[in-house]
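These notes concern the structure reproduced below.
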Amino acid sequence: QSSLKKEFGIDVPFLNGSLPKAKRDDLITRFQNREFPVFLLSLKAGGTGLNLTAANHVVHYDRWWNPAVENQATDRAYRIGQSRFVHVHKLISTGTLEEKIDAMLEKKQSMNDQIIQSDSWITELSTDELHELVFLS
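When we follow the numbering used here, the leftmost residue of the sequence shown carries the number 2, and every step to the right adds one.
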């Protein structure tokens with residue numbers, strides 16, 4: 002928040018799970034009314050029950066282990082009433098644990114997409130992928 006204020010001269014509200022409901026609702030309404038151009042949300046606080054169609058850029062700067070959690074947070078901008086293309090950005094530093102987490106998330110998402118979007122997904126998995134899918138250890 003302070004870096005954005007210093008760099009761009011704007012106040013940037015932050016919504017997290019500890020914010021009282023009245024304050025949360027006020028910030029959401031003000032953002033939807035375009036009273037401020039940037040709105041920071043923690044991933045879990047921004048993941049459910051929000052309609053943020055005023056946003057057309059979603060930036061994931063703190064990755065989560067489960068791609069469904071990130072997808073749900075991204076979907077806050079993809080709602081009925083969204084008239085603009087939504088851009089999704091993921092900030093990842095190369096050569097770090099973040100990069101490995103991103104590769105794992107992409108693999109999980111790809112496997113999920115294969116399962117949901119195809120009737121023949123199981124025949125497209127390698128033996129190692131099938132083993133990973135079936136065995137819990």
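C-beta atoms are modelled at their ideal positions from N, C-alpha and C, and glycine is treated no differently.
Measuring CB to CB, does residue i end up less than 8 Å from residue j?
i: Leu-44; j: Asp-26; result: no
i: Asn-57; j: His-88; result: yes
i: Phe-139; j: Pro-14; result: The structure shown does not extend to residue 139, since the chain spans only 2 to 138, so no value can be given for it.
i: Ala-23; j: Gly-47; result: no
Just confirm the distance between the C-beta atoms of residue i and residue j, as a whole number of angstroms; I'd bet it's less than 8 Å.
i: Lys-91; j: His-61; result: 5 Å
i: Arg-77; j: Leu-53; result: 4 Å
i: Leu-16; j: Leu-5; result: That pair is no contact at about 15 Å.
Residue i: which of the options sits nearest, CA to CA?
i: Gln-33; options: Glu-8, Ala-46, Gln-73 and Arg-80; result: Arg-80
i: Leu-41; options: Val-59, Lys-101, Ser-19 and Glu-99; result: Val-59
i: Ala-69; options: Lys-24, Met-105 and Glu-100; result: Met-105
i: Ser-84; options: Ala-55, Ser-3, Asn-67 and Ile-116; result: Ala-55
Across which residues does DSSP place residue i in a beta bridge pair?
i: Leu-16; result: Leu-42
i: His-88; result: His-58
So what does DSSP say about residue i, is it helix, strand or coil?
i: Ala-78; result: coil
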